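This report concerns only the one structure given below.
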Amino acid sequence: MTHEQCTPPSTESGTPQTKSKGRGIMTGRKSAYFWGAASGVAFALFAPMLRPAARTAVKGGIRVGRYAKKVASNVKEEFEDIASEAQADLDREQDAGEKDSKA
26 MTHEQCTPPS TESGTPQTKS KGRGIMTGRK SAYFWGAASG VAFALFAPML
76 RPAARTAVKG GIRVGRYAKK VASNVKEEFE DIASEAQADL DREQDAGEKD
126 SKA
């Protein structure tokens, strides 16, 4: 690409458009301190109202965890049963193979 292709389009007066940095009332650290303090105050004010919602969310997480444990337990038991059946099949095949070789 050439330099002309990379430049922003020009305005009617023929001068290139420049991006304004959008400087507001507060910039940098002052703004960060302000928003940090404001969020802390807002949290302190709304915490009593948010507590029931947080408790409900935690209860939901506990329920999901219990359900996941139950499902995992069932899956583990099913695989153990399959492994036991496969082992029994192999033992029967081996016993049948030994009887055939003796005869």
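Residues in the sequence shown are numbered consecutively from 26, following this note's numbering. We put the beta carbon where it would ideally sit given N, CA and C, even for glycine. As the structure is a prediction and not an experimental result, all values here were calculated from the model.
Near the ligand SAM: residue i beta-carbon under 7 Å from a heavy atom
| i | result |
| --- | --- |
| Asp106 | Judged by which ligands are present, the structure shown has none, so any question about the ligand SAM falls away. |
Cut-off 8 Å between Cβ atoms - residues of its own chain near residue i, not counting five sequence neighbours on either side
| i | result |
| --- | --- |
| Gly85 | none |
| Ala108 | none |
Beta-carbon proximity list for residue i, same chain, < 7 Å, skipping 5 on both sides
| i | result |
| --- | --- |
| Pro77 | none |
Fill in: Complete runs of the beta strand (DSSP E) confined to the region 90-114 [at least 3 residues]
Segments of the beta strand (DSSP E) lying fully in the region 90-114: there are none.
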